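Once you know that position 39 of the sequence shown is 105 in the numbering used here, the rest is easy, because the numbers rise by one and skip nothing. Right, one structure below, let's go through it.
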Amino acid sequence: KILSNEEFNETQIKIYPNPTNDFVSLEGISQEELKTIELFDVKGAKLEVAIKNLKIDLSKLSTGTYVLKITNKENQTHTKKIIKN
Numbered sequence: 067k068i069l070s071n072e073e074f075n076e077t078q079i080k081i082y083p084n085p086t087n088d089f090v091s092l093e094g095i096s097q098e099e100l101k102t103i104e105l106f107d108v109k110g111a112k113l114e115v116a117i118k119n120l121k122i123d124l125s126k127l128s129t130g131t132y133v134l135k136i137t138n139k140e141n142q143t144h145t146k147k148i149i150k151n
């Protein structure tokens, strides 16, 4: 028998709009389930961004590609590429 636990289902989390100009919103995870949200540039440097009510402010960032790392309370992670116009 294979041991298993509930997977952090990537398909349940939606990030929109993507590509974006200013903000992206998260859907499919509640504030209560969320442990951390981290944003990284393509070189792997962690960036400081404002996050409020599952809405992430990217307006101060340069045009480019970023990686969003979402961790839930069970320490399961989900990464998503975000394109900033």
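Every residue gets a Cβ at the ideal spot worked out from N, C-alpha and C, and that includes glycine. Just so we're clear, the structure is a prediction, and the values are computed from it rather than from any experiment.
- For G110, the closest of T102, T131 and K101 by C-alpha to C-alpha distance is T131.
- Where T143 is concerned, the enclosing beta strand (DSSP E) starts and stops at T143 to K150.
- Sixteen is the threshold: when 16 or more other Cβ atoms of the shown chains lie within 10 Å of the Cβ of V90, as they do, the residue is buried.
- Take K80, set aside five residues on each side of it, and the residues of its chain with a beta-carbon closer than 8 Å to its own are L92, E93 and G94, in chain order.
- In the DSSP assignment, D123 falls within the unbroken beta strand (DSSP E) covering K121 to D123.
- The beta-bridge partner set that DSSP reports for D107 consists of Y132.
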